[in-house]
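Data block below; observations after.
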Amino acid sequence: MASIDILAKNNGQIIQSLNADSVILNQNSVVKIGVKIEDVANILREGNAAVITLKNGEKIVVENYFDPAVNESLLVFEGNNGELYWAEFTDSSGQLLDVVKYNPITEEALLGGEATDLLPWIGGALAVGGIAAAVGGSGGSSSSKDSTPVNPMENAERLVSQAETTYQNALEILEQAQQDGLITPEEQQAVQDAINTAEEAKQVAQDAVNTLPAGTDKEGLQDRLDDLVDIVVPPVNDANENGIDDGDLEAEAAAELVAAAEAARAEQQEILDGLTDADDNGLITPEEYAQAEERLEELQGIVDVAKELAQNAVTGLDDGPAKDTLQDRLDAIEDLVIPAITDFDGDGDVDADDAAIQAQLDAATTAVE
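Start counting the sequence shown at 5; every next residue gets the next number (my numbering).
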């Protein structure tokens, strides 16, 4: 798993910090991935996700990267000496580039005249400041501004704002996970990770507020922190990730019948695929057909019985998402089409071609006579 920091693009505040192989974006973000650019094999698009494949085979998935609502996000990687680079892997129309371009991010470029050319998507001084802070924290050289004393009140205000942002992000991840009424183990872990990040940010902010002198400003910041109430992690109710509530025993039983029909149909397809590829010539001889026919018929009986039982079970379910999902899966189990024998004499040629050749020979013989 990679170390991933997600910063809000509009103000540079940290939304989430975690070790994971996948993240979900809910707003335009700068995604800083703790991986060196030399270790990246490629970056591709799969649906709305950006999929980063490392040279060791590991993958990091950034969900919603290409979602129209958050399509101004940015991927940032590390160099050998801690410097940062943003990955340019699509053109202005969103098409993937043949080669990923890694553009260096320097504090001078971001704060100087090159900022517009280097990062045309990043708008607002706060967003630039957030990236510049990341550069400074990455091990690169620091500027004279790094030695400026920190104002305790301003620092506490900043940390409280970050805590509020991380809490909002956790709530959004929770809401997204609960949209279908089901919680899988993966969704529960994503919520837990977001909550952990939020609680850590809140504690850091609380420590900063505790150091402030008594007064209205301190009380105001404390009130904001007190408003960040604990978020409850929902229990898993779809442990096998089949789209059915574990507590809905009737739907679970129906799902098992549907799965049995799907499995038998999948085995049939494997046999059919092997039948046409038995000799790597795409032809089917009587011997090949006979070897497969018995098992195909046996499996067809299983498919028919399982589909009938599953259909009866699904029909008896109350209307709702579970019933709709299972019915769609049943409807997707199409009737089996068994190909015909195409090489009766087993000579490796299509019988139709043999007949055509024989007809030509017969015609030639007749013409000679």
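Each residue gets a CB set at the ideal place from its N, CA and C atoms; glycine is no exception.
Exercise. What residues are listed by DSSP as bridge partners for Q20?
Worked result: In the sequence shown, the residue the question calls residue 20 occupies position 16. Note: Q20 sits in a beta bridge opposite I10.
Exercise. Is E82 helix, strand or coil by DSSP?
Worked result: One-based indexing of the sequence shown puts residue 82 at position 78. E82: strand per DSSP, three-state reduction.
Exercise. How do the stretch 252-260 and the stretch 315-331 stand: do at least 3 beta-carbon pairs fall below 8 angstroms, yes or no?
Worked result: With the cut-off at 8 angstroms, the stretch 252-260 and the stretch 315-331 touch.
Problem set entry | Enclosing alpha helix (DSSP H) for A163 [first to last residue] | Looking up residue 163 in the sequence shown gives position 159. Per the sequence presented here, residue 163 reads as Leu, with Ala not at that position. First-last of the alpha helix (DSSP H) with L163: 156-181.
For this session: From the DSSP output, in three-state form, read off E338 for me.
Result: In the sequence shown, counting from the first residue as 1, residue 338 sits at position 334. Coil, per DSSP.
Problem set entry | Beta-carbon proximity list for G127, same chain, < 6 angstroms, skipping 5 on both sides | Within the sequence shown, numbered from 1, the residue matching residue 127 stands at position 123. Caution applies to G127, whose pLDDT of 37 falls short of 50 and renders its modelled position unreliable; the value that the coordinates give is listed next. Excluding sequence neighbours, G127 sits near nothing in its chain.
Problem set entry | Nearest-angstrom Cβ-Cβ length linking V74 and S33, presumed shorter than 8 angstroms | Position 70 of the sequence shown, counted from the start, is the residue given in the question as residue 74. Position 29 of the sequence shown, counted from the start, is the residue given in the question as residue 33. Yes, they are in contact, since the Cβ atoms of V74 and S33 sit about 7 angstroms apart, within 8 angstroms.
For this session: Could you work out which residue in V55, A209, D234 is closest to K222 when comparing CA atoms only?
Result: Within the sequence shown, residue 222 is the residue found at index 218, counting from 1. Closest option to K222, Cα to Cα, is A209.
Problem set entry | Short Cβ contact (9 angstroms threshold) for L29 with Y69 | Counting from 1 along the sequence shown, the entry for residue 29 is found at position 25. Counting from 1 along the sequence shown, the entry for residue 69 is found at position 65. Yes.
For this session: Look up S97 in the DSSP assignment and give the residues it is bridged to.
Result: Translated into the one-based positions of the sequence shown, residue 97 becomes position 93. DSSP, once it has assigned bridges, lists no residue as partnering S97.
For this session: Using DSSP bridges, identify the partner residues of S26.
Result: To locate residue 26, count along the sequence shown from 1; it is residue 22. The partner list for S26 (beta bridge, DSSP) reads V65.
Problem set entry | Complete beta strand (DSSP E) runs within the stretch 184-213 (minimum length 3 residues, chain order) | Counting only runs of at least 3 residues, the stretch 184-213 fully encloses no beta strand (DSSP E) element at all.
For this session: Give, in chain order, every unbroken run of the alpha helix (DSSP H) that is at least 4 residues long and sits entirely within the stretch 205-265.
Result: 220-230
For this session: Could you tell me which residues DSSP pairs with V55 in its beta bridges?
Result: For the purposes of this step, residue 55 is taken as residue 51 along the sequence shown, with counting starting at 1. Paired residues: L48, V65.
Problem set entry | Within-9 angstroms CB hit, L178 to chain C | Here there is only one protein chain, and chain C is not present.
For this session: Look up V34 in the DSSP assignment and give the residues it is bridged to.
Result: The residue given as residue 34 occupies position 30 in the sequence shown. According to DSSP, V34 bridges with L11, L78.
For this session: Sort Q207, E245, E297, E312 by Cα distance to Q261 and report the nearest one.
Result: Here residue 261 is taken as the residue at index 257 of the sequence shown, counted from 1. Rather than Gln, the amino acid found at residue 261 in this sequence is Leu. Selected option, being the one with the closest Cα: E312.
Exercise. Would you say the stretch 215-234 touches the stretch 177-197, given that touching needs at least three Cβ pairs under 8 angstroms?
Worked result: No, the stretch 215-234 does not touch the stretch 177-197.
Exercise. How many whole angstroms separate the CB atoms of L300 and Q272, which I take to be in contact at a CB cut-off of 8 angstroms?
Worked result: For the purposes of this step, residue 300 is taken as residue 296 along the sequence shown, with counting starting at 1. For the purposes of this step, residue 272 is taken as residue 268 along the sequence shown, with counting starting at 1. About 6 angstroms separates the two Cβ atoms, so the contact holds.
Exercise. How many Å lie between A267 and L334 at the Cα?
Worked result: Here residue 267 corresponds to residue number 263 of the sequence shown, with the count starting at 1. Here residue 334 corresponds to residue number 330 of the sequence shown, with the count starting at 1. For A267 and L334, the distance between alpha carbons rounds to 12 angstroms.
For this session: Output the boundary residues of the alpha helix (DSSP H) element that contains N60.
Result: As a position in the sequence shown, residue 60 is number 56, starting the count at 1. Unbroken run through N60: none, as it is neither H nor E.
Exercise. If you compare alpha carbons, which of E158, Q166, I41, Y171 is closest to N107?
Worked result: As a first step, residue 107 is located in the sequence shown; it is residue number 103 there, counting from the start. The residue with the shortest Cα to Cα distance from N107 is I41.
Exercise. Taking C-alpha atoms, which residue in E62, I37, A263 lies nearest to A91?
Worked result: Translated into the one-based positions of the sequence shown, residue 91 becomes position 87. Per the Cα distances, I37.
Exercise. Can the beta-carbon of N173 be found closer than 9 angstroms to that of A202?
Worked result: In the sequence shown, the residue the question calls residue 173 occupies position 169. In the sequence shown, the residue the question calls residue 202 occupies position 198. N173 places its beta carbon less than 9 angstroms from that of A202.
For this session: Taking the CB atoms as reference points, tell me whether K59 and V44 lie closer together than 9 angstroms.
Result: Within the sequence shown, numbered from 1, the residue matching residue 59 stands at position 55. Within the sequence shown, numbered from 1, the residue matching residue 44 stands at position 40. In contact: K59 and V44 (Cβ atoms closer than 9 angstroms).
Exercise. For V27, which option in N14, V39, V55 has the closest C-alpha, if you only look at C-alpha atoms?
Worked result: By 1-based counting over the sequence shown, the position of residue 27 is 23. Of the listed residues, the one whose Cα sits closest to V27 is V55.
Problem set entry | Per-residue DSSP class, three states only, for A91 | For the purposes of this step, residue 91 is taken as residue 87 along the sequence shown, with counting starting at 1. Judged by DSSP in its simplified three-state form, A91 adopts strand.
For this session: Use the C-beta contact count for G103: other C-beta atoms within 10 angstroms, 16 or more gives buried, fewer gives exposed.
Result: Locating residue 103 in the sequence shown gives position 99, where the first residue counts as 1. For the record, residue 103 in the displayed sequence is Val; it is not Gly. So V103 counts as exposed.
Exercise. Any idea what DSSP makes of D277, helix, strand or coil?
Worked result: Along the sequence shown, read from residue 1 onward, the residue named residue 277 stands at position 273. If DSSP states are grouped into helix, strand and coil, D277 belongs with the helices.
Problem set entry | Reference Y171, options V341, E50, A205, closest by Cα | Position 167 of the sequence shown, counted from the first residue, corresponds to residue 171. Y171 has its Cα closest to that of A205, out of V341, E50, A205.
Exercise. Roughly how many angstroms separate the alpha carbons of L163 and N46, rounded to a whole number?
Worked result: For this step, residue 163 is matched to residue 159 along the sequence shown. For this step, residue 46 is matched to residue 42 along the sequence shown. The straight-line gap from Cα to Cα measures roughly 35 angstroms.
Exercise. Using a Cβ-Cβ cut-off of 7 angstroms (strictly less than) and excluding sequence neighbours within five positions of L303, which residues of its own chain qualify?
Worked result: By 1-based counting over the sequence shown, the position of residue 303 is 299. Within the same chain, and ignoring the five residues on either side of L303 in sequence, the residues whose Cβ sits closer than 7 angstroms to its Cβ are A268, E271, Q272.
Exercise. Under three-state DSSP, which class holds I109?
Worked result: Here the question's residue 109 lines up with position 105 in the sequence shown. I109: strand per DSSP, three-state reduction.
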